[in-house]
Ligand SMILES: Cc1cc2nc3c(=O)[nH]c(=O)nc-3n(C[C@H](O)[C@H](O)[C@H](O)COP(=O)(O)OP(=O)(O)OC[C@H]3O[C@@H](n4cnc5c(N)ncnc54)[C@H](O)[C@@H]3O)c2cc1C
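Residue numbers (our numbering): 392 to 778.
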C-alpha cells in the first residue's frame, strides 16, 4: 500500500466535487477524489437539466436551497467560475383544487423557512409570467422569482478545478472496488483496481450507485437508481430563453428553454432497461403531444431525436438527501440520495459534509433530519407528494 489520503471521496460528480472543494477550503488538502468514469461528471450530473428551486414542500429542502443559493451567488468570487445561476423563476400550474391547496400548503412551509418571495398567482398573472402556457383548466398557481437555472457541469468543474489548485488529487478511470474495514468496523483503506489507498475517512458520493458502493463496505445505503427521460427539440425561437421553468404538478410534466432548444420532461420511467441512456419512442410521442396541448407554440417544433437522453435520479426512500455517518461505520460519510435535486443542493451538501468531517459536527444548518439512520429509526421525513 503506497498511497494514503486523509479523505477519499468516491465519486467525481457535482456532490463529490463540492465536498472536495469545501474540505480544501477548511484546510484539508490531503484529499483524493476517485471516479470510475473516464471524465468527471459522467454520472447523473451531466444529464441534469439545470433547474434550481427553493419551492419545496419540506422545510429542510427549502433551507438547503436557500443555503445553496447564497453559495451560488458567491460562487464567482469564492470558487472562481460562473455557476450559471439565472433567477428566471419556477411557475407551478394547478388544474385541480387539490393541486392548488397543495401548492398553498407548501408555500406556507416555504415562507416559514424564509422564502418570502414565493407567491400564489392567479391566471391573469400566469399569462403575464408565461404567455405561452395554455390556461385551459388552469385555476391558479405558485411562482418564485428567485428560482431558476444553473449549469451543472460549470458547478462541478468549478469546484473540481479550484480543489485541484489547492492540492486535491483527482483520479479518473479508477473504480472503488472495495472499502476495506478493520476489526473496529472503520474503513482503513480503499481498494482501487491499481492499488490500495490507506485513508482516514471515506465519502460515499456515488450518486445513483451509492447503494452499490455501500455494499462494498458491507453497509446498507438505501439509495436506488430511477430512470428519467428528457426530450430535446431542434433549435427553436418558439419560446424565450428566460421563460420560467413551468410545471404542471398534477402529472409532473415540465419544460424549460436551454441554449435555444426546449427541454421536455415527464416522470414516466419507461419499461426498458433502467440504465438505458436512450429515450423510449412511445414516451417521446406522449411527451410531445402533452407539450403541444399545454404550450401550443410548440406545434410544429421538431424533436431532435439524437439530442434526447435518459439519466438516473438517486432516490432515497423519503426523497430527501442522506447526510451523515453510515450506521455501524463511523468513518464512512454518506452524501447522497438527493432524489433528483443533487445539483441544486450540492453547494450546501458539500459544505455541510466538510464541516462534519473537519469539526465532527455540522455547524451551518440544522440537518439532523437528514441523518442516514432515520430509516432504521422510523424517522423518515414526511413529505407531501406534489413538490
Ligand atoms: C434527467 C435528469 C434531470 C435532472 N435535473 C436536475 C435539475 O434540474 N436540478 C438538480 O438539482 N438535479 C437534477 N437532476 C439530478 C442530478 O443530476 C443529481 O442529483 C446529481 O447529479 C447527483 O450528483 P452526484 O455527484 O451525487 O452523482 P453523479 O453525478 O452521478 O456522480 C456520482 C459518480 O460516482 C461514480 N461512481 C459510482 N460508483 C463508483 C465506484 N464504485 N467507484 C468510483 N466511482 C464511482 C460515478 O461514475 C459518478 O461519476 C437530474 C437528473 C436527471 C437524470
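In this text, a Cβ means the ideal position worked out from N, Cα and C, and glycines have one as well.
Counting pairs of Cβ atoms below 8 Å between the segment 433-452 and the segment 581-591, do you hit three or more?
Touching, no.
The alpha helix (DSSP H) with residue 463 in it runs from where to where?
Along the chain shown, one-based indexing puts residue 463 at 72. Unbroken alpha helix (DSSP H) run through residue 463: 450-470.
With a 10 Å radius around its C-beta and 16 neighbouring C-beta atoms as the bar for buried, classify residue 454 as buried or exposed.
By 1-based counting over the chain shown, the position of residue 454 is 63. Around the C-beta of residue 454, 16 or more other C-beta atoms lie within 10 Å, and the residue is accordingly described as buried.
If you measure from the CB of residue 732, is any heavy atom of ligand 1 nearer than 6 Å?
Residue numbering aside, residue 732 sits at position 341 when the chain shown is read from its first letter. With a threshold of 6 Å, the Cβ atom of residue 732 counts as near ligand 1, since some heavy atom of the ligand is closer than that.
Answer yes if the segment 588-598 comes into contact with the segment 724-739, meaning at least three C-beta pairs across the two stretches below 8 Å, and no otherwise.
Yes, since at least three Cβ pairs between the segment 724-739 and the segment 588-598 fall closer than 8 Å, the two stretches touch.
If contacts are defined as beta-carbon pairs under 8 Å, then residue 614 and residue 706 qualify, I think. What distance do you get, rounded to the angstrom?
Along the chain shown, one-based indexing puts residue 614 at 223. Along the chain shown, one-based indexing puts residue 706 at 315. The Cβ separation is near 7 Å, so the contact holds.
Within 10 angstroms of the Cβ of residue 487, are there 16 or more other Cβ atoms? Answer buried if so, exposed if not.
Counting from 1 along the chain shown, the entry for residue 487 is found at position 96. Under this definition residue 487 is an exposed residue.
Would residue 512 pass as a contact of residue 540 if the rule is Cβ separation under 7 Å?
Along the chain shown, one-based indexing puts residue 512 at 121. Along the chain shown, one-based indexing puts residue 540 at 149. At a Cβ-Cβ threshold of 7 Å, residue 512 and residue 540 do not count as neighbours.
Quick check on the burial criterion: 16 or more other C-beta atoms within 10 angstroms. Buried or exposed for residue 631?
Your numbering for residue 631 matches position 240 in the chain shown. Residue environment analysis places residue 631 among the exposed positions, since fewer than 16 neighbouring C-beta atoms fall within 10 angstroms of its C-beta.
Beta-carbon proximity check, residue 546 vs residue 405, cutoff 7 Å
Position 155 of the chain shown, counted from the start, is the residue given in the question as residue 546. Position 14 of the chain shown, counted from the start, is the residue given in the question as residue 405. Yes. Within cutoff.
Cβ atoms of residue 577 and residue 452: under 7 Å apart, would you say?
As a first step, residue 452 is located in the chain shown; it is residue number 61 there, counting from the start. As a first step, residue 577 is located in the chain shown; it is residue number 186 there, counting from the start. In this structure, residue 577 does not lie closer than 7 Å to residue 452 by Cβ.
At the level of alpha carbons, what is the spacing between residue 526 and residue 731?
For this step, residue 526 is matched to residue 135 along the chain shown. For this step, residue 731 is matched to residue 340 along the chain shown. Those two C-alpha atoms are separated by around 28 Å.
Taking the beta carbon of residue 618 as the centre, do at least 16 other beta carbons fall within 10 Å, making it buried, or is it exposed?
Locating residue 618 in the chain shown gives position 227, where the first residue counts as 1. Buried, since its Cβ has 16 or more Cβ neighbours within 10 Å.
Taking only the alpha-carbon atoms, compute the straight-line gap between residue 758 and residue 714 and give it to the nearest angstrom.
The residue labelled residue 758 in the question sits at position 367 within the chain shown. The residue labelled residue 714 in the question sits at position 323 within the chain shown. C-alpha of residue 758 to C-alpha of residue 714: approximately 8 Å in a straight line.
At a threshold of 6 Å, does residue 621 count as lining ligand 2 (C-beta to nearest heavy atom)?
Ligand 2 is not part of the structure shown, which contains ligand 1 as its ligands.
Determine the closest residue to residue 769 out of 776, 775, 760, 720, with distance taken between C-alpha atoms.
One-based indexing of the chain shown puts residue 769 at position 378. Nearest C-alpha to residue 769: 760.
Rounding to the nearest angstrom, what Cα-Cα distance links residue 563 and residue 425 in this structure?
Indexing the chain shown from 1 puts residue 563 at position 172. Indexing the chain shown from 1 puts residue 425 at position 34. Residue 563 and residue 425: Cα-Cα distance of roughly 6 Å.
For residue 671 versus residue 623, is the C-beta spacing smaller than 7 Å?
Within the chain shown, numbered from 1, the residue matching residue 671 stands at position 280. Within the chain shown, numbered from 1, the residue matching residue 623 stands at position 232. In this structure, residue 623 does not lie closer than 7 Å to residue 671 by Cβ.
Name the DSSP bridge partner or partners of residue 426?
Walking along the chain shown from the start, residue 426 turns up at place 35. Answer is 563.
Cβ neighbours of residue 591 in the same chain (closer than 7 Å, five flanking residues each side left out)
In the chain shown, residue 591 corresponds to position 200, counting from 1. Once the five neighbours on either side are set aside, the close Cβ partners of residue 591 are 397, 398, 722.
Go through the segment 672-733 residue by residue and report every complete run of the beta strand (DSSP E) that reaches 3 residues or more, in order.
Counting whole runs of 3 or more residues, the segment 672-733 contains the beta strand (DSSP E) stretches 700-706, 713-717, 720-727.
Measure the C-alpha to C-alpha separation of residue 691 and residue 505 and round it to an integer number of angstroms.
Numbered from its first residue, the chain shown carries residue 691 at position 300. Numbered from its first residue, the chain shown carries residue 505 at position 114. Their Cα atoms are separated by approximately 42 Å.
May I ask you to report which of helix, strand or coil DSSP gives residue 654?
Residue 654 sits at position 263 when you count from the first residue of the chain shown. Looking at residue 654 - three-state DSSP - the assignment turns out to be strand.
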